[in-house]
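Chains as they are written, first to last, in our numbering: chain A, 11 to 123; chain B, 1279 to 1389.
First comes the structure, then the notes that go with it.
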């Protein structure tokens, strides 16, 4: 059974801090790893990672994948209160035409002013 | 990336009744996915819906409880049947386009 584990489950920081969120996985036939931000109902896509060692960046957010050690990190620098959300890691795996996402439990990030 | 319109946004339903959730995609997609997110939990895949074939259900989910229709490449519905309070969740549809885009979600409360 495919498995995705995120840590920490929750985190409280002050504005301006830098945070690192972790995601490890055990899946069969890995294709990609995705990060999402969930504030209300719908997850918002952040990054898709397929290759090891290549950092993806978007503003203050960045992410990298290590396919040898089977993990990814999501970094947020200079955090703002608007970064408060649940951050979800999902791994796409499967085979043929049957790829699907397995989600971790998420990290609840709270950024205090 | 695809844009998905999902409705209703929320509903409060009586136990024993059924609710149908609709998702409309602005482009043609081969596969659509339906997820459930119970309170405080992560997303769990209910089923994968391909146009023109029966949906494929994940372990723990059955067609009688969650029938799915996929009449064309831009539309799908999920029905939550014979509801109980345990069905209170957020239900989300998704496509595989553009990093698995999600609909806006349906917050269902069963009383």
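Cβ coordinates follow ideal geometry from the N, Cα and C atoms, glycine included.
- The Cβ atoms of residue 77/A and residue 62/A lie closer than 8 Å to each other.
- Closest by C-alpha distance to residue 97/A, out of 75/A, 12/A and 29/A, is 29/A.
- Secondary structure at residue 1304/B: coil, using DSSP grouped into helix, strand and coil.
- Contiguous alpha helix (DSSP H) elements confined to the stretch 1305 to 1364 of chain B do not occur, taking only those with 4 or more residues.
- Per DSSP, the unbroken beta strand (DSSP E) holding residue 113/A starts and ends at 110 to 113.
- Residue 1281/B has its alpha-carbon roughly 12 Å from the corresponding atom of residue 1374/B.
- Interface criterion not met: the Cβ of residue 75/A is under 8 Å from no Cβ in chain B.
- Annotated as proximal: residue 19/A and residue 117/A, with beta-carbon spacing under 8 Å.
- Taking a cut-off of 8 Å for Cβ pairs, the stretch 1349 to 1360 of chain B and the stretch 1294 to 1304 of chain B touch, as three or more such pairs fall below it.
- For residue 1282/B, the uninterrupted beta strand (DSSP E) segment begins and ends at 1282 to 1285.
- At least one C-beta of chain B is nearer than 8 Å to the C-beta of residue 55/A.
- Listed along chain B is no residue with a C-beta nearer than 9 Å to that of residue 105/A; the closest approach is about 13 Å.
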